[in-house]
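Below is one structure, written out as structure tokens, with a few remarks after it.
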Amino acid sequence: MTETPPHPPLAPPGPPARPWYVSALLATAAVTLLLLAVWGYARLKSPYPFFGTAYPAGTRAAGFSGTVQAGEREQPFTFTPDSGQAGGPVTALFFGFTNCPNICPLTLSYLNRVRDALPPAQRERLRVVLVSVDPARDTPARLNEYVSFFGKAGVGVRVPEPALSTLAAAYGVAYQKADVKGPESYQINHTTATYLIDARGQLRVLWDYTQLPQLERVKADVQYVLETP
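Just so we're aligned: 32 in the UniProt record's numbering is position 32 of the sequence shown, and the numbers increase by one with no gaps anywhere.
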């Protein structure tokens, strides 16, 4: 008869595995706290209590080049922050696409409603620029038709890859195809922020999409930037 060696002692049971939803909640809480800390720091640094999140003074906006539709022709479009001067145009910039089912059309609607509520002299200085995160489908003509539906001051810009990826990273924008059913059938998940850039090319404030319905508060931010270079 062979002798069976003794079993090694069992290791003491470890702590129970954390449910996935608890990990998700903790991660969300951590991100929220970080955003609140950044928001609080920016508020302390800003002399004006912006409704949106203020940038530290002197934060330069990233320039970019793309293509827009002008009448029957496409033409180059260049946004060069360093060329701005006090009293020049102020830009509300956001990233989206024409097949967006809700956030992009509502963003354009809110921004144009804010612009329409400004006095005429200020209204002429505020432009709305949409940079497409779907250059494969969004032609300059399609972008022009899309933004023009919401207001006269809209500009739709097509920036090809890989320049688009570089530009998006400069603004902290993420985008990714989702619900892909074919080469022409997909959605795009993307960052929903709008960036307000003053006439000197400085990033002054950003609003999350959820803030834009507060039209009077967004308008107050815009007016401060228009009046305070």
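By construction, the Cβ of each residue, glycine as well, lies at the ideal position given by its N, Cα and C atoms.
With H, G and I counted as helix, E and B as strand and the rest as coil, what does DSSP make of residue i?
i    : result
T78  : strand
K152 : coil
V147 : helix
R158 : strand
R200 : coil
A24  : In this prediction, A24 scores a pLDDT of 45, lower than 50, which makes its location untrustworthy; the coordinate-derived value is nonetheless stated afterwards. The answer is helix: DSSP assigns A24 an H, G or I state.
R142 : helix
R127 : strand
A42  : At A42 the pLDDT is 49, less than 50, meaning the model places this residue with poor confidence; the figure from the coordinates comes in the next sentence. Residue state, collapsed to three classes: helix.
Y186 : strand
Short check: CB of residue i to CB of residue j, under 7 Å?
i    : j    : result
Y171 : G156 : no
L93  : V133 : no
V218 : V90  : no
P140 : E74  : yes
V115 : A153 : A quick correction: the sequence has Arg, not Val, at residue 115. Going by C-beta atoms, R115 is nearer than 7 Å to A153.
G52  : A199 : no
F77  : G66  : yes
V205 : F50  : yes
T191 : V173 : yes
F150 : L108 : yes
What span of residues does the beta strand (DSSP E) with residue i cover, start to end?
i    : result
V133 : Counting along the chain, V133 falls outside any beta strand (DSSP E), and DSSP gives it neither H nor E.
L212 : Here L212 belongs to no beta strand (DSSP E), and DSSP marks it neither H nor E.
G182 : 175-182
A194 : The question names Ala, yet the displayed sequence has Thr at residue 194. Start and end: 194-197.
V205 : 203-207
Using a threshold of 6 Å, is the CB atom of residue i nearer than that to any non-hydrogen atom of the ligand MN?
i    : result
Y175 : The model on display carries no ligand, and the ligand MN is accordingly not part of it.
Taking 8 Å as the limit between beta carbons, can you name the residues of its chain near residue i, skipping five residues before and five after?
i    : result
L203 : Y55, T59, R60, A61, Y195, L196, I197
R113 : L215
E161 : P135
G143 : Reading the sequence as shown, one finds Leu at residue 143 and not Gly. For L143, where only same-chain residues beyond five positions count, the Cβ hits under 8 Å are V68, Q69, T98, L130, S132, G156, V157, R158.
Y175 : F95, V133, A168, I188, N189, H190, T191
Counting only the same chain and skipping the five closest in sequence on each side, list residues whose C-beta sits under 6 Å from that of residue i.
i    : result
Q187 : A178, D179
L118 : none
A24  : Residue confidence is low: A24 scores 45 on pLDDT, short of 50, so the model does not pin down where it sits. Its coordinate-derived value is still stated next. Hits under 6 Å: none found.
L111 : A92, V128
Y48  : Y224
Starting from the C-beta of residue i, find all residues in its chain whose C-beta is less than 7 Å away, skip the five residues before and the five after it, and write them out in chain order.
i    : result
F97  : C104, S132, V133, D134, D138, I188
G201 : R60, A61, P81, D82, G84
E124 : none
A220 : F51
S148 : G154
For the alpha helix (DSSP H) holding residue i, just list the boundary residues, first then last.
i    : result
V225 : 215-227
A168 : 163-170
task = Return the chain-ordered ranges of every beta strand (DSSP E) run that is complete within the stretch 47-123 and spans a minimum of 3 residues.
result = 64-70, 73-79, 90-96
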